[in-house]
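So the sequences go chain by chain: A and B.
Everything in the first sequence is counted per the working numbering, starting at 764 for the first residue and increasing by one.
Everything in the second sequence is counted per the working numbering, starting at 764 for the first residue and increasing by one.
Positions of the beta carbon are idealized from the N, C-alpha and C atoms, including for glycine.
2 protein chains.
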Amino acid sequence: MVNSSLSVSVRALLPLLLAFLGGFSIPAMAGNVILIIGDGMDDNQITIARNYLVGSRGKLLVDRLPLRSAVQVVTVDEENPQRPLYVADSANSATSMATGAITSPGRIGTTAGSDKDIVNLVELAKQHSIKIGLVTTASITDATPASFYAHVNDRGCENPSAMVDFEKYAGVIVDCSPDLKANGGLGSISEQLINSGVDVALGGGMKHFTPDAEGSKSSVLTLATQAGYTVIGNADQLAGDHGGKLLGLFSPSTMPVRWHGEDGRSAEKPETSFMNMFHPMLGSVTYPEPMNCEDNPDYAGMPSLASMSKVALTELTADTNTSFFLMIESASIDKQAHERKACGSIGELQQLDEALAVALEFSDANIDTLILVTADHGHAAQILSERTIYEALGVPIHSPGLVARIKTPEGAVMTVNYATNNFVSEEHTGISVPLLSNSVGVGKIPAMITQPEIFTIVKDYLLD
Amino acid sequence: MVNSSLSVSVRALLPLLLAFLGGFSIPAMAGNVILIIGDGMDDNQITIARNYLVGSRGKLLVDRLPLRSAVQVVTVDEENPQRPLYVADSANSATSMATGAITSPGRIGTTAGSDKDIVNLVELAKQHSIKIGLVTTASITDATPASFYAHVNDRGCENPSAMVDFEKYAGVIVDCSPDLKANGGLGSISEQLINSGVDVALGGGMKHFTPDAEGSKSSVLTLATQAGYTVIGNADQLAGDHGGKLLGLFSPSTMPVRWHGEDGRSAEKPETSFMNMFHPMLGSVTYPEPMNCEDNPDYAGMPSLASMSKVALTELTADTNTSFFLMIESASIDKQAHERKACGSIGELQQLDEALAVALEFSDANIDTLILVTADHGHAAQILSERTIYEALGVPIHSPGLVARIKTPEGAVMTVNYATNNFVSEEHTGISVPLLSNSVGVGKIPAMITQPEIFTIVKDYLLD
């Protein structure tokens, strides 16, 4: 890779060159990293969003980044950590990005099988006085952000109440007891956040801060204030210079998404006619009516991912002598895909693209800023032909799952298929995911890496 | 893109540099292009093959290429060519790569709606005495190879008999009449191949050459011999120096694939218990038994894609004064995915990786050779969790489609889901597809392009 070495050398020589040419003092070349994660944002999701937002021949901002790589998403079986699994969740995959380790689904910053804490980026950065920002549209205690600062045996251990009686699904209890402080653990995720030294944390999840902390008569929120955090709870409070540490919690749990389907519709089952009862190739099929994407009224008053990202950058750069690491997550690309809501995922991918615009504007003025955009794992959604390619046969061919047919602004209809299971929530898939970067990453990132190598890239750039 | 310009300048200066240093004559810097197409080979298919062939943390050869880009697959409605469609077929997508145009599904080298011929890479190359090779595991008249040399209104018009009575599916007749020579057309695809000037054509499809040519008492095969082709029909005849033009047809239509599932099994329906009849969340579900991949006995005696590629390279470089364009297609990644045969697709992706090894070995010795690896469109297969992520609920959650559960050599089980329709053949999907290149492509290919831009990249490198 001739280019890599050339690019690295040019960058290494730049301060000396500037000093030589200008005779002025060498600026601190602290490297900043902005890691943007689209939860569940595989190339299906990006293509779906592109088709809707800019047309099939258009380019999103994420498409215009100069470097593309791909990421092998790797995880292992909790029962036998030598045995690979082929589909990840946000907990194990964010743990890979935050620690460089491979763990089992559901784990946050802990090892598969043995439940040992793994050093994360926040802890490393703190040792080097690097500032940390975390921005998400999920709860700030949700699996993706949590993996950067916390260590628990299960992603469900989000707050002090959940530590003793969290029900994951109907009747399925998460055992958080190993992480109770009383048992020598670090406490719930929200308690760990306020002790982590994270400088800026913005997202949803207020409900995880209102319970009393373990062994305390004060809520986690009260303790956050005592730990030096300015706590804000709505978009208006985002404006202005806050100074010190900032904790913004803009909704009880996941923040409402920007868009939904017409009249709140999600994907629906193609309907077959009477005769189809007798044989799958008899009768006819009616696909769901095409729909527009609409504003979701619940989103009113929410800060956008871009506006939260902008505030985070302002706070993190108040002191110009330190570098920073900022993680920005658009969480509900995934959450809306679980619910088969194509318009929801599209709107949240638009939010990610807008946050990327904020990051690129910053890096234009601060050329030592590495911007990475990636996803944590693949998801269910697929784009199908508007009508089956076997339409000419005149038989009722249709998806065995649910489909959303979206009217696109370029005058066509996009069929999004959800068919990973017969349950109320779709499953993740095991496809490799994209990794993109701004020009700073060119020559530093191979064309294909494993997910834990993202940790290495971030760490090396931050601490180099 | 600092790297791009550096890379380009270094390459441009290389001949001068060599001349200056060595005092010897400048070698002809004719640029060769090897375009390797995995039919339907989206990142799902590559991840499935990687997990099986080298393990989830391993790297295929295709993963080791230094440059990765992504391709927007673009197609339009035949009835209204201004209106985009979001899912392509191999005909329109190969036409994009071969001509730089966007057309409608099913069309080979002709415009959507208006059926005009579009100049293709073979015609352009012939004007510049560039040699042409086409290698495929499909019929050499199938949509992907055909798009590089032929012009017909439908991919079904493969041979003189098909021109008058080709039945696409039960009762659906393809109208090839506009392409009959009697109607001013160029005749069927096989007839067009032998008039195209293609130097080496290797693959399946003998049955498309045995009918008599239109208006002739000679078969297309006889006419091929008269046109200067050495015709061969089995792997033994591949060896040796053939001289002149070479036509190899190793099976009647698509060549048999290397692997199939244990006992020929493909994906199967999860079976639910009696109580499930009353409600989808009642009773239990039994997933299909995990299976190994096995050698397909029908493959015995077939030349591999790699061996055909090697012979093609030998033939194309017999005259060292000319450059060449070689298209290599692993066709049945797609065809096996239509049939829900995960092992079949894996084996054919292995064939592609082996053909890439041949290409890379050639480019090591011939540094002016651009190697591109891409896919034409996305496909149905997805990797699902070994068991549903909602397993703890104890309800019968399963794919609504068919699943193949493959035992991987690294000791795990990979679940491949096929759920785009309820018919006997799965559908393509609209995901963007990967484009990879050897070091020659670094700095020449943006991180995201539209499919017709592949034509521009190939043309510019060949004719520059």
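Euclidean distance between Cα positions of residue 884 of chain A and residue 986 of chain A: The residue you call residue 884 of chain A lines up with position 121 of the first sequence. The residue you call residue 986 of chain A lines up with position 223 of the first sequence. Taking the CA atoms as reference points, residue 884 of chain A sits about 23 Å from residue 986 of chain A.
Nearest-angstrom Cα separation, counted from residue 886 of chain A out to residue 858 of chain A: For the purposes of this step, residue 858 of chain A is taken as the residue at position 95 of the first sequence. For the purposes of this step, residue 886 of chain A is taken as the residue at position 123 of the first sequence. Roughly 13 Å between the two C-alpha positions.
Given 8 Å, three or more beta-carbon pairs between the region 1175-1191 of chain A and the region 1147-1156 of chain B: Touching, yes.
Best match in A:845, A:1174, A:1157 and A:833 for proximity to residue 933 of chain B [C-alpha to C-alpha]: For this step, residue 933 of chain B is matched to residue 170 along the second sequence. That would be A:1157, whose Cα lies nearest to the Cα of residue 933 of chain B.
Length of the line joining the Cα atoms of residue 1203 of chain A and residue 1023 of chain A: In the first sequence, residue 1203 of chain A corresponds to position 440, counting from 1. In the first sequence, residue 1023 of chain A corresponds to position 260, counting from 1. Taking the straight line from one Cα to the other gives about 36 Å.
Below-8 Å beta-carbon distance, residue 1177 of chain A vs any chain B residue: By one-based count along the first sequence, residue 1177 of chain A stands at place 414. Answer yes: the Cβ-Cβ gap between residue 1177 of chain A and chain B drops below 8 Å somewhere.
Straight-line gap, residue 1168 of chain A to residue 1176 of chain A (C-alpha atoms, nearest Å): One-based indexing of the first sequence puts residue 1168 of chain A at position 405. One-based indexing of the first sequence puts residue 1176 of chain A at position 413. If you draw a straight line from the Cα of residue 1168 of chain A to the Cα of residue 1176 of chain A, it comes to about 6 Å.
Closer than 7 Å at the beta carbon, the chain A residues around residue 1019 of chain B: As a position in the second sequence, residue 1019 of chain B is number 256, starting the count at 1. Going along chain A, no residue has its Cβ under 7 Å from residue 1019 of chain B, so there is no contact; the nearest lies around 24 Å.
Residues bridged to residue 1212 of chain B (per DSSP): Taking the second sequence and counting its residues from 1, the one referred to as residue 1212 of chain B is at position 449. Note: residue 1212 of chain B sits in a beta bridge opposite B:834.
The region 1041-1060 of chain B in contact with the region 1075-1089 of chain B per 3-pair CB rule at 8 Å: Touching, no.
C-alpha distance - residue 1226 of chain A paired with residue 907 of chain A, whole-angstrom precision: Taking the first residue of the first sequence as position 1, residue 1226 of chain A is located at position 463. Taking the first residue of the first sequence as position 1, residue 907 of chain A is located at position 144. Taking C-alpha positions only, residue 1226 of chain A is separated from residue 907 of chain A by approximately 22 Å.
Where the beta strand (DSSP E) containing residue 1141 of chain B begins and where it ends: As a working mapping, residue 1141 of chain B is identified with position 378 in the second sequence. No beta strand (DSSP E) contains residue 1141 of chain B, which DSSP labels as neither H nor E.
Beta-carbon spacing of residue 1139 of chain B, residue 856 of chain B below 8 Å: The sequence position of residue 1139 of chain B within the second sequence is 376, counting from 1. The sequence position of residue 856 of chain B within the second sequence is 93, counting from 1. Yes, Cβ-Cβ distance for residue 1139 of chain B and residue 856 of chain B is below 8 Å.
Residue-level contact to chain B via CB, residue 1161 of chain A, 8 Å cutoff: Translated into the one-based positions of the first sequence, residue 1161 of chain A becomes position 398. Yes - at least one Cβ of chain B is within 8 Å of the one on residue 1161 of chain A.
Nearest-angstrom Cβ-Cβ length linking residue 941 of chain B and residue 922 of chain B, presumed shorter than 8 Å: One-based indexing of the second sequence puts residue 941 of chain B at position 178. One-based indexing of the second sequence puts residue 922 of chain B at position 159. Residue 922 of chain B and residue 941 of chain B do not touch by the CB rule: their CB atoms are close to 16 Å apart, not below 8 Å.
Complete beta strand (DSSP E) runs within the region 915-964 of chain A (minimum length 3 residues, chain order): For the beta strand (DSSP E) assignment, the uninterrupted runs of no fewer than 3 residues enclosed by the region 915-964 of chain A are, from N- to C-terminal side, 930-932.
Euclidean distance between Cα positions of residue 837 of chain A and residue 802 of chain B: Looking up residue 837 of chain A in the first sequence gives position 74. Looking up residue 802 of chain B in the second sequence gives position 39. The straight-line gap from Cα to Cα measures roughly 26 Å.
Under 7 Å by beta carbon: chain A residues contacting residue 835 of chain B: Taking the second sequence and counting its residues from 1, the one referred to as residue 835 of chain B is at position 72. Those are 819 and 820, listed as they occur along chain A.
Residue 1146 of chain B at chain A interface by Cβ criterion, 8 Å: Residue mapping note: residue 1146 of chain B aligns to position 383 of the second sequence, counting from 1. Chain A, which has a Cβ nearer than 8 Å to the Cβ of residue 1146 of chain B, makes this yes.
Chain A residues whose Cβ lies nearer than 8 Å to that of residue 932 of chain B: Numbered from 1 along the second sequence, position 169 holds the residue referred to as residue 932 of chain B. Those are 1153, 1155 and 1156, listed as they occur along chain A.
The region 839-857 of chain A contacting the region 812-821 of chain A, beta-carbon criterion three pairs below 8 Å: With contact defined as three or more Cβ pairs closer than 8 Å, the region 839-857 of chain A and the region 812-821 of chain A are not in contact.
Beta carbon of residue 1121 of chain A nearer than 8 Å to that of residue 1146 of chain A: Working through the first sequence from its first residue, we reach residue 1121 of chain A at position 358. Working through the first sequence from its first residue, we reach residue 1146 of chain A at position 383. Between residue 1121 of chain A and residue 1146 of chain A, the C-beta gap is not smaller than 8 Å, which leaves the two residues out of contact.
Backbone CA spacing between residue 1094 of chain B and residue 978 of chain B [nearest angstrom]: For the purposes of this step, residue 1094 of chain B is taken as residue 331 along the second sequence, with counting starting at 1. For the purposes of this step, residue 978 of chain B is taken as residue 215 along the second sequence, with counting starting at 1. In this structure, the straight-line span from the alpha carbon of residue 1094 of chain B to that of residue 978 of chain B is close to 32 Å.
Extent of the continuous alpha helix (DSSP H) to which residue 716 of chain A belongs: This structure gives no information on residue 716 of chain A, because the portion of chain A shown stretches from 764 to 1227.
Nonlocal neighbours in the same chain, by C-beta distance under 6 Å from residue 1135 of chain B, ignoring five residues either side: Locating residue 1135 of chain B in the second sequence gives position 372, counting from the first residue. Here the set comprises 798 and 1200.
Start-to-end residues for the alpha helix (DSSP H) that takes in residue 908 of chain B: By 1-based counting over the second sequence, the position of residue 908 of chain B is 145. 906-912 is the extent of the alpha helix (DSSP H) around residue 908 of chain B.
8 Å Cβ cut-off: residues of chain B touching residue 848 of chain A: Translated into the one-based positions of the first sequence, residue 848 of chain A becomes position 85. Within chain B, the residues near residue 848 of chain A are 1148, 1149 and 1175.
For residue 1197 of chain A, the three-state DSSP class (helix, strand or coil): Counting from one through the first sequence, the residue named residue 1197 of chain A turns up at place 434. Judged by DSSP in its simplified three-state form, residue 1197 of chain A adopts strand.
Reduced DSSP category for residue 1103 of chain A - H, G, I as helix; E, B as strand; rest coil: In the first sequence, the residue the question calls residue 1103 of chain A occupies position 340. The answer is coil: DSSP assigns residue 1103 of chain A none of H, G, I, E or B.
Within 8 Å of chain E by C-beta, residues of the region 1190-1205 of chain B in sequence order: In the structure shown, chain E cannot be found, because the protein chains are A and B.
Inter-residue Cα distance where the pair is residue 892 of chain A and residue 832 of chain A: Here the question's residue 892 of chain A lines up with position 129 in the first sequence. Here the question's residue 832 of chain A lines up with position 69 in the first sequence. Rounded to the nearest angstrom, the two C-alpha atoms are 30 Å apart.
Exposed unless 16 or more other CB atoms sit within 10 angstroms - verdict on residue 1097 of chain B: As a first step, residue 1097 of chain B is located in the second sequence; it is residue number 334 there, counting from the start. With 16 or more other Cβ atoms within 10 Å, it is buried.
Within 9 Å of chain B by C-beta, residues of the region 1034-1045 of chain A in sequence order: Interface annotation for the region 1034-1045 of chain A against chain B: 1043 and 1044, criterion Cβ-Cβ distance under 9 Å.
Contact list for residue 905 of chain A against chain B, beta-carbon separation under 8 Å: If you number the first sequence from 1, residue 905 of chain A lands on position 142. Here the premise fails: no neighbours, minimum Cβ distance about 16 Å.
Nearest neighbour of residue 1069 of chain B, chosen from B:1080, B:1106 and B:966 [CA to CA]: By one-based count along the second sequence, residue 1069 of chain B stands at place 306. Closest by alpha carbon: B:966.
Proximity to residue 1164 of chain B [Cα-Cα], best of B:1173, B:1103, B:1222 and B:1196: Walking along the second sequence from the start, residue 1164 of chain B turns up at place 401. Scanning B:1173, B:1103, B:1222 and B:1196 for the CA closest to the CA of residue 1164 of chain B turns up B:1103.
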